[in-house]
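Notes follow the structure.
Protein chains in written order, with the numbering used here: chain A, 1 to 315; chain B, 1001 to 1315.
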């Protein structure tokens, strides 16, 4: 398939880098200031070098990305809430011109799900969004294969930054501020870590899961969300005396979405460590299925995008 | 899709039972003595009641299954080694007449993989076999989505009977013979438990994994296999003093297949309990992906068969 990648952050760049290995061709990549576009396949290495050097990926007008001949739009611009723009309009444009869309951007899928499905229904193209939930972990394709009706709930840890912080607080007896600074030094937490530590990032993912299970009906404002910023080190010590620890756990079902810190058994499945994520799917006929792995990272998330591309039908 | 199910054991019956829920129709089901065949869809409930009452699923000649109009042959007869008959011939017949095949029977996939792929290449039909490895756990579709080339190895616990026995031996300090008898009473081990306890069943699954990773080249005789029958209770006690336990672990890579009892950390991912299974996939770009869940059971394995049916292209 020919990929047009909008967004040249970690994920967009990794998709461009790995596309060839999966048998696909990159015909365009754009960031906010420029684009590299070539119907015969762009020079990926050159584009990535320019970006690494602090420039834009290319000198063309970003708008020309939509005018090129492509099969799949890869939407990898930063997640935005509410109207989910400019990502939503990118998706809309691609679907209205009968292209496929694969999203890594959570915004449109969490906040305007029914509108996306309506656009898809009127298009020859399909939308897929494995990369929006759990990075490399194939959560959505597992639900799709079971059929959503056979899955009653999804629960787990879907934010690696918060999980890393809680793991380190418990392991070292350090307080939140101290471990957050450590996480930022390591690049595990961003300079502005708000969405990770206040539960918003995890909530967006569980909203997406609820939308998949219920075929729509949820957006971020429907979720009950509590973050990890107020957890004192003493809470983790107390938990440990009881063979427990604390993790930021989310739950999604057709009834709603909740994210918040929970006590979990210290050695149980939900007590994943470091930046690892886990999703437990409760199913009607197959008991509980657990998927764990790396929930974030450029290459990790790119593998989810490229898995989705591999599951698209020929246009 | 219209399903013709050959084999009316736990898996075949569960596939018939759940097919409607997944949007498919059962046009035939056969056991060794009879068949129920109806191009407009059989009376599934009636066939299952007859079987439950000790009779055959139907009064038609089992051979008539292949003469009916169907889309997918579901091969759910008992696993046989070596020439993998009669399962292999069932698959061959379906592919030669341009039908799809979904296998729950491990024999043909472990023992005659390259021949299956050659038959598939000459057919309008495709073969899928998720149900042969890890029951409800979507191992093979995860590898398929990552692309097999991106997966370097698969490791884990793929036999629930052996895992149950080791879990109970460790938990209760009982010896092997005692726990095996308990497992048989519970229906977790068969009257003849040989393939489960000597590692053959697990080895077949890891041979299938190696065939998928390497696109053929392996059969059961290539695997190095050791079972659990000789593990004394004292070995588990000794392991526990060191924070470890023993599990029947298999490993598959392009270099080969090994199955045998291994010491694993007591609280680690590989120390799944009871009849649960786990597969860890090592990937090039996405680190380690863990999938765990119920590895056996009629409904559980049927969900894997029906997931496969859902991924088949229209004929």
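All C-beta atoms in this analysis are idealised placements derived from N, C-alpha and C, irrespective of residue type, glycine included.
Chain B contact residues for residue i, given Cβ-Cβ distances below 7 Å
i	result
residue 228 of chain A	The premise fails here: residue 228 of chain A is roughly 23 Å from chain B at the closest Cβ pair, so nothing lies under 7 Å.
residue 307 of chain A	1145 and 1146
Span of the beta strand (DSSP E) around residue i
i	result
residue 1005 of chain B	1002-1006
residue 1280 of chain B	1276-1283
residue 1102 of chain B	1100-1103
residue 245 of chain A	244-253
residue 381 of chain A	No statement about residue 381 of chain A is possible, as the shown extent of chain A runs from 1 to 315 and does not include it.
residue 1029 of chain B	1025-1030
residue 1292 of chain B	1288-1294
residue 16 of chain A	Residue 16 of chain A -> not in any beta strand (DSSP E); alpha helix (DSSP H) instead, spanning 10-18.
residue 1154 of chain B	1151-1157
Residue nearest to residue i in terms of C-alpha spacing, selected from the options
i	options	result
residue 199 of chain A	A:157, A:187 and A:211	A:157
residue 1310 of chain B	B:1216, B:1025 and B:1122	B:1025
residue 313 of chain A	A:147, A:224, A:254 and A:99	A:99
residue 1034 of chain B	B:1208, B:1017 and B:1006	B:1006
residue 1222 of chain B	B:1192, B:1075 and B:1257	B:1257
residue 230 of chain A	A:188, A:177 and A:190	A:177
residue 219 of chain A	A:77, A:255 and A:186	A:255
residue 32 of chain A	A:56, A:39, A:1 and A:185	A:56
residue 173 of chain A	A:74, A:11, A:239 and A:185	A:239
Neighbouring residues, chain A, relative to residue i (Cβ below 9 Å)
i	result
residue 1119 of chain B	Within 9 Å Cβ-Cβ: nothing; residue 1119 of chain B doesn't reach chain A, min ~24 Å.
residue 1128 of chain B	Neighbours of residue 1128 of chain B on chain A: none; closest Cβ ~11 Å, over 9 Å.
Beta-carbon gap between residue i and residue j smaller than 8 Å
i	j	result
residue 276 of chain A	residue 262 of chain A	no
residue 1059 of chain B	residue 1152 of chain B	no
residue 1225 of chain B	residue 1203 of chain B	yes
residue 1308 of chain B	residue 1093 of chain B	no
residue 1251 of chain B	residue 1155 of chain B	yes
residue 289 of chain A	residue 212 of chain A	no
residue 1105 of chain B	residue 1087 of chain B	yes
residue 1259 of chain B	residue 1244 of chain B	no
residue 1233 of chain B	residue 1175 of chain B	yes
residue 13 of chain A	residue 1287 of chain B	no
residue 36 of chain A	residue 47 of chain A	yes
residue 107 of chain A	residue 80 of chain A	yes
residue 103 of chain A	residue 123 of chain A	no
residue 1280 of chain B	residue 1269 of chain B	yes
residue 193 of chain A	residue 167 of chain A	no
Cα-Cα separation, residue i to residue j
i	j	result
residue 21 of chain A	residue 109 of chain A	27 Å
residue 1169 of chain B	residue 17 of chain A	49 Å
residue 1301 of chain B	residue 210 of chain A	26 Å
residue 1249 of chain B	residue 1228 of chain B	11 Å
residue 1146 of chain B	residue 137 of chain A	10 Å
residue 134 of chain A	residue 1062 of chain B	47 Å
residue 90 of chain A	residue 299 of chain A	23 Å
residue 1069 of chain B	residue 1028 of chain B	9 Å
residue 207 of chain A	residue 9 of chain A	24 Å
residue 117 of chain A	residue 130 of chain A	15 Å
residue 285 of chain A	residue 1297 of chain B	10 Å
residue 359 of chain A	residue 112 of chain A	No information on residue 359 of chain A is available, as it lies outside the stretch 1 to 315 that chain A covers here.
residue 1306 of chain B	residue 1278 of chain B	21 Å
residue 315 of chain A	residue 3 of chain A	13 Å
residue 1097 of chain B	residue 1217 of chain B	26 Å
residue 1214 of chain B	residue 191 of chain A	44 Å
residue 165 of chain A	residue 291 of chain A	21 Å
residue 1044 of chain B	residue 1066 of chain B	18 Å
residue 1019 of chain B	residue 1115 of chain B	29 Å
residue 1148 of chain B	residue 1274 of chain B	30 Å
Partner residues on chain A for residue i, Cβ-Cβ distance less than 8 Å
i	result
residue 1300 of chain B	285, 286 and 287
residue 1293 of chain B	286, 287, 288, 289 and 290
residue 1016 of chain B	Here the premise fails: no neighbours, minimum Cβ distance about 13 Å.
residue 1303 of chain B	146, 150, 283, 285 and 286
residue 1013 of chain B	Under the 8 Å cutoff, chain A gives no residues; its nearest Cβ is about 13 Å from residue 1013 of chain B.
Unbroken alpha helix (DSSP H) run spanning residue i, endpoints
i	result
residue 1036 of chain B	Premise fails: residue 1036 of chain B lies in the beta strand (DSSP E), 1035-1037, not in any alpha helix (DSSP H).
residue 1272 of chain B	First-last for residue 1272 of chain B: undefined, no H or E at that position.
residue 234 of chain A	233-241
residue 163 of chain A	160-172
residue 1089 of chain B	1087-1096
residue 1299 of chain B	1298-1310
Interface residues of chain A facing residue i [CB-CB closer than 7 Å]
i	result
residue 1267 of chain B	267
residue 1315 of chain B	Result: empty, since nearest Cβ-Cβ is about 15 Å, beyond 7 Å.
residue 1022 of chain B	147
residue 1137 of chain B	289
Check: residue i C-beta below 7 Å from any heavy atom of the ligand ZN
i	result
residue 1038 of chain B	This structure simply doesn't include the ligand ZN, nor any ligand for that matter.
Within chain B, the residues that residue i reaches when beta carbons sit closer than 8 Å
i	result
residue 143 of chain A	Under the 8 Å cutoff, chain B gives no residues; its nearest Cβ is about 10 Å from residue 143 of chain A.
residue 208 of chain A	Here the premise fails: no neighbours, minimum Cβ distance about 18 Å.
Amino acids of chain B, ordered along the chain, whose beta-carbon sits closer than 9 Å to that of residue i
i	result
residue 216 of chain A	By Cβ distance, chain B contributes nothing, its closest Cβ being about 20 Å from residue 216 of chain A, past 9 Å.
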